[in-house]
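Protein chains in written order, with the numbering used here: chain C, 1 to 112; chain D, 1001 to 1113.
We put the beta carbon where it would ideally sit given N, CA and C, even for glycine.
All values reported here derive from a predicted model rather than from experimental measurement.
Here the structure comes first, spelled out in structure tokens, and everything after it is commentary.
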Amino acid sequence: EPEVTQTPSHQVTQMGQEVILRCVPISNHLYFYWYRQILGQKVEFLVSFYNNEISEKSEIFDDQFSVERPDGSNFTLKIRSTKLEDSAMYFCAGGEGNTEAFFGQGTRLTVV
Amino acid sequence: GEDVEQSLFLSVREGDSSVINCTYTDSSSTYLYWYKQEPGAGLQLLTYIFSNMDMKQDQRLTVLLNKKDKHLSLRIADTQTGDSAIYFCAESRYGGSQGNLIFGKGTKLSVKP
């Protein structure tokens, strides 16, 4: 059964560095999302992406964040200058329509 | 603002039924979801219910929705040890769009043999 895959599973980075989290959605998905979960807190919506553009974003998704789907398969989340508080589990999700979303296993980002 | 609340823990014996409860605040939510997260894994979509329904059954899973009280529950019949996981309730924010889901903190279900 096809699944959403995310790489790396764990990323450690120094504060101020840029990170790129990668996701390979299921091939027939048209809607793509990033969520994050800070340890002990709720899963929070970051951004949704459809038709090669951002369709919705949350207050968390400020100028230090960006998303791309550069080659029609990968879907990436870039954090330009990481802060300690960006440490979290980042989940990519996708769906054929906008009523279901299938999540990847997540990338744990640790900012030191 | 919008919020989704769940109890944090539930413990049941194998073979019993589990009922996980959730309350939400956004009366305009169109879809409500249940996700399961096993240790080290992502969020697995279990089921979802459209807000004009009050019940949905899928094999061992039964979802009940009380829209008046903004209460959602997930019943797992004949709970097995493999059902041990964290279960998240979520509501859609913008009238049906999956894009902006509001999640609860999750209920950790422990199934004792």
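Within this structure, are the beta carbons of residue i and residue j separated by less than 8 Å?
| i | j | result |
| --- | --- | --- |
| G1042(D) | Q105(C) | yes |
| L84(C) | L21(C) | no |
| L1045(D) | Y1031(D) | no |
| E1005(D) | T1023(D) | yes |
| P25(C) | G94(C) | yes |
| S1007(D) | T1107(D) | yes |
| S1092(D) | S1029(D) | yes |
| L961(D) | A1085(D) | Chain D is shown only over 1001 to 1113; residue 961(D) falls outside these bounds and no answer can be derived. |
Any beta carbon of chain C sitting closer than 8 Å to that of residue i?
| i | result |
| --- | --- |
| G1042(D) | yes |
| G1082(D) | no |
| G1015(D) | no |
| N1052(D) | no |
| K1105(D) | yes |
| F1088(D) | yes |
| L1045(D) | yes |
So, does the CB of residue i fall closer than 8 Å to a CB anywhere in chain D?
| i | result |
| --- | --- |
| Q105(C) | yes |
| F75(C) | no |
| E68(C) | no |
| S58(C) | yes |
Where do the ends of the beta strand (DSSP E) carrying residue i lie?
| i | result |
| --- | --- |
| L116(C) | Here chain C has residues from 1 to 112 only, and residue 116(C) is not among them. |
| K1118(D) | Lying outside 1001 to 1113, the shown extent of chain D, residue 1118(D) is not represented and no answer is given. |
| Q1006(D) | 1004–1006 |
| V112(C) | No beta strand (DSSP E) holds V112(C); DSSP gives it neither H nor E. |
Practice prompt. Scan the stretch 43–54 of chain C for residues whose Cβ lies nearer than 7 Å to a Cβ of chain D and list them as they occur along the chain.
Written response: V43, F45, S48
Discussion item. Taking beta-carbon pairs under 7 Å, can you tell me which members of the stretch 74–102 of chain C lie near chain D?
Written reply: F91, G95, N98, T99, E100, A101, F102
Item to complete: Please name the residues in the stretch 1018–1032 of chain D whose beta-carbon is closer than 8 Å to at least one beta-carbon of chain C, in chain order.
Response: Y1031
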